[in-house]
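Here is the structure we will look at.
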Amino acid sequence: GAVVSQHPSRVICKSGTSVKIECRSLDFQATTMFWYRQFPKKSLMLMATSNEGSKATYEQGVEKDKFLINHASLTLSTLTVTSAHPEDSSFYICSARDRGSPRAAIYFGEGSWLTVV
Amino acid sequence: KQEVTQIPAALSVPEGENLVLNCSFTDSAIYNLQWFRQDPGKGLTSLLLIQSSQREQTSGRLNASLDKSSGRSTLYIAASQPGDSATYLCADNQAGTALIFGKGTTLSVSS
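Line by line, the protein sequences give chains A and B. What the first sequence shows, in the numbering used here, is residues 116 to 232, in sequence order. What the second sequence shows, in the numbering used here, is residues 21 to 131, in sequence order.
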């Protein structure tokens with residue numbers, strides 16, 4: 116199946132610093148990528164939808180200036196958590212829609228654990 | 021607005037048992053129905069995708085069906101194994117928008 120790679124898989128950062136998470140579609144082109152956040156034993160929470168070459172669309176309650184999303188190419192989207200605080204500690208997952216698939220399947224990355232200390 | 025429901029929230033079965041996971045949705049104008057598996061602390065793995073024009077898809081021991089008229093999809097797992105233990109999520113895969121997920125069914129298969 117199609118592969119979506121997320122990096123880093125785990126990151127620890129100090130409060131006040133910024134951290135970038137990358138999401139790459141390795142073997143397909145993705146015009147649309149989605150970023151989710153997940154707390155332990157909870158459902159995925161959609162944060163934003165990013166389309167290649169345009170600004171991301173954020174869900175209600177998600178701070179645009181805190182969670183910067185860039186979708187610079189058809190295979191790469193990045194999520195930057197700016198001025199991170201301990202409450203930003205969470206599991207972040209990206210997904211990508213395979214534009215070449217007639218069934219428009221969506222594939223997920225392995226997720227990134229962020230711990231802010 | 022589409023709502024996706026999965027019942028039960030948790031299921032425990034002994035190894036070797038065949039089982040069915042249920043997924044219901046309120047809007048029958050479904051584009052694709054996609055089933056995923058999530059292991060603890062991991063991302064989601066796509067299992068099967070059923071297009072709206074299809075009634076079922078099969079992959080190995082997994083069979084997913086789609087009945088739009090009744091607003092239901094089922095995931096059948098044959099001869100369950102401990103390695104099948106995970107949370108199973110179904111989602112309405114609408115073109116151009118994010119997936120609409122159910123809350124998932126957490127399956128535990130004991131050896």
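Beta carbons: idealized from backbone N, C-alpha and C, even for Gly.
Start-to-end residues for the beta strand (DSSP E) that takes in residue i
| i | result |
| --- | --- |
| L127 (chain B) | T125 to S130 |
| Q26 (chain B) | V24 to I27 |
| Q34 (chain B) | The sequence shown places Pro at residue 34 (chain B), rather than the Gln named in the question. It spans A30 to P34 - the beta strand (DSSP E) in which P34 (chain B) sits, taken as one unbroken run. |
| H186 (chain A) | F182 to S188 |
| D104 (chain B) | Run containing D104 (chain B): none; DSSP gives neither H nor E here. |
| L82 (chain B) | L82 to D87 |
From the options, residue whose alpha carbon lies closest to that of residue i
| i | options | result |
| --- | --- | --- |
| V299 (chain A) | A:S227, A:P201 and A:A211 | An answer regarding residue 299 (chain A) cannot be provided, because it is not within the stretch 116 to 232 covered by chain A. |
| R218 (chain A) | B:Q22, B:L53, B:S128 and B:P28 | B:L53 |
| G116 (chain B) | A:Y207, A:C138 and A:T146 | A:T146 |
| K135 (chain A) | A:K170, A:G176, A:W150 and A:Q175 | A:W150 |
| T195 (chain A) | A:A171, A:F223, A:S216 and A:K156 | A:A171 |
| I184 (chain A) | A:E202, A:P201 and A:T164 | A:T164 |
| S73 (chain B) | B:L64, B:L86 and B:S66 | B:L86 |
| A199 (chain A) | A:S124, A:S133 and A:S205 | A:S133 |
| V231 (chain A) | A:A117, A:V126 and A:H122 | A:V126 |
| T94 (chain B) | B:G122, B:G103 and B:P102 | B:G122 |
| L191 (chain A) | A:I221, A:G168 and A:S130 | A:G168 |
| L119 (chain B) | A:C128, A:S216 and A:A220 | A:A220 |
| K238 (chain A) | B:S130, B:T125, B:V129 and B:S131 | What the structure shows of chain A is the stretch from 116 to 232, and residue 238 (chain A) is not part of that stretch, so it cannot be assessed. |
Beta-bridge pairing of residue i - partner residues as DSSP gives them
| i | result |
| --- | --- |
| M71 (chain A) | With chain A covering only 116 through 232, there is no way to say anything about residue 71 (chain A). |
| E137 (chain A) | A:H122 and A:T193 |
| A106 (chain A) | One cannot answer for residue 106 (chain A) here, as it falls past the ends of chain A, which runs 116 to 232. |
Environment of residue i [buried if 16+ CB atoms lie within 10 Å]
| i | result |
| --- | --- |
| A98 (chain B) | exposed |
| N13 (chain B) | Nothing about residue 13 (chain B) can be read from this structure; chain B reaches only from 21 to 131. |
| I27 (chain B) | exposed |
| R81 (chain B) | exposed |
| V40 (chain B) | exposed |
| G63 (chain B) | buried |
| F154 (chain A) | exposed |
| A106 (chain B) | buried |
| Q101 (chain B) | exposed |
| T78 (chain B) | exposed |
| D213 (chain A) | buried |
| L67 (chain B) | buried |
| D203 (chain A) | buried |
Any non-hydrogen atom of the ligand SAM within 6 Å of residue i CB
| i | result |
| --- | --- |
| G36 (chain B) | No copy of the ligand SAM occurs in the structure displayed, which carries no ligand at all. |
Practice item. With 7 Å as the limit, tell me which residues of the segment 185-204 of chain A have their beta carbon closer than that to any beta carbon of chain B; keep them in chain order. Key: The residues in question: there are none.
Review point. Closer than 8 Å, Cβ to any Cβ of chain A: which residues of the segment 52-70 of chain B, in chain order?
Key: Residues of the segment 52-70 of chain B with a C-beta atom less than 8 Å from some C-beta of chain A are N52, Q54, F56, G61, K62, G63, L64, T65, S66 and L69, listed in chain order.
Review point. When Cβ atoms are compared, which residues of the segment 102-123 of chain B fall closer than 7 Å to chain A?
Key: Residues passing the 7 Å Cβ filter: N113, A115, A118, L119, F121 and K123.
Point to revise | Residues in the segment 219-230 of chain A having any Cβ partner in chain B nearer than 8 Å | key: Closer than 8 Å at the C-beta level to chain B, one finds these residues of the segment 219-230 of chain A: A219, A220, I221, Y222, F223, G224, E225, G226 and W228.
**Study point:** Contact list for the segment 150-162 of chain A against chain B, Cβ threshold 7 Å
**Key:** Within the segment 150-162 of chain A, the qualifying residues are S158, L159 and L161.
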